[in-house]
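Just so you know, we're using full-length UniProt numbering here: the first sequence kicks off at 1 and counts up by one.
Here a beta-carbon is modelled for each residue, glycine too, at the ideal position from N, C-alpha and C.
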Amino acid sequence: MDKLMLLSQINLLDELPEEEFKKLGEVTLTAPIKKGTIILSPTQQMRSFFFLKKGQVRLYKVSSTGKEFTVDLLSEGNVFGETSSFSLTESEIYAETMVDSFVCTLTKDRFEDFIRQNPDIAINLITILTSKLKEMYQITESIAYKDVKYRIVLLLMQLSNRFGVRSGEWQTVGVKITQNDIASMIGSSRETVSLFLGELEKEEVIMKKPLKINTALAKELYEVDEG
DNA sequence: GCATTAAAGGACT
DNA sequence: AGTCCTTTAATGC
Numbered sequence: 001m002d003k004l005m006l007l008s009q010i011n012l013l014d015e016l017p018e019e020e021f022k023k024l025g026e027v028t029l030t031a032p033i034k035k036g037t038i039i040l041s042p043t044q045q046m047r048s049f050f051f052l053k054k055g056q057v058r059l060y061k062v063s064s065t066g067k068e069f070t071v072d073l074l075s076e077g078n079v080f081g082e083t084s085s086f087s088l089t090e091s092e093i094y095a096e097t098m099v100d101s102f103v104c105t106l107t108k109d110r111f112e113d114f115i116r117q118n119p120d121i122a123i124n125l126i127t128i129l130t131s132k133l134k135e136m137y138q139i140t141e142s143i144a145y146k147d148v149k150y151r152i153v154l155l156l157m158q159l160s161n162r163f164g165v166r167s168g169e170w171q172t173v174g175v176k177i178t179q180n181d182i183a184s185m186i187g188s189s190r191e192t193v194s195l196f197l198g199e200l201e202k203e204e205v206i207m208k209k210p211l212k213i214n215t216a217l218a219k220e221l222y223e224v225d226e227g
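Okay, structure coming up:
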């Protein structure tokens, strides 16, 4: 029920291409951040923009019962955070580093100035947000019309296209992810995810540790688009 | 077709 | 050694 809500909410968080990232890196200072550090939470309304230079960050929400629901995973090159003009929701998002990371921090003003001075970046942000929007739309639609197995394949395809490395038909997922993370991102349960990952492994659609997906087979068997 | 519960085995620090 | 993660099975909606 509220899982659908959760997944359909839009935050400004996304990845920037390498060149733009380097430009931004010149304007900011990077700081090393240890694994398990919460760099953004509803209480610390820092109103700043973060730039993940290296590492991995998990975005999640906390339910009324105290359970954590992973919303998205970010890898190096990603931007996240809120500015006064870009925040699209009041949702209470937490951001936690999953591994030791390097993070650039920008105030909202400096980020907005940076965009004004580099119009190409605004275009890129729109492009990136559009593809992110498409991904989220695909997920919410699949929650309504498809079974859990399909949703797992879809999510792994999306993640591997965003973060993974391809070699032949196989493509790594590219992010550290638990079955719990997968479950909350597709509106399922950890145990069911475990079951279907097992099946998908037998079908040789995926391989575990490191998690990889056979994109050709996945498209053939589950008709997920894009590649 | 799936969530939930429970119970047990494995992996990570 | 203790916590987190995964697997398996039973039950019920």
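- Closest in C-alpha terms to GLU220, from the list GLU203, LYS209, MET207, comes GLU203.
- Within a 10 Å sphere around the beta-carbon of TYR94 sit 16 or more other beta-carbons, which makes this residue buried.
- Contact annotation: GLY164 and GLN158 have beta-carbon atoms that are not nearer than 7 Å.
- For VAL148, the enclosing alpha helix (DSSP H) starts and ends at 148-163.
- For the region 169-199, the full-length alpha helix (DSSP H) segments reaching 4 residues or more read 179-186 along the chain.
- With contact defined as three or more Cβ pairs closer than 8 Å, the region 60-70 and the region 101-110 are not in contact.
- For the pair THR97 and VAL153, the CB atoms are not nearer than the 7 Å cut-off.
- With contacts defined by Cβ atoms closer than 7 Å, LEU156 and ILE121 do not form a contacting pair.
- Within 10 angstroms of the beta-carbon of ASP181 lie 16 or more other beta-carbons, which makes it buried.
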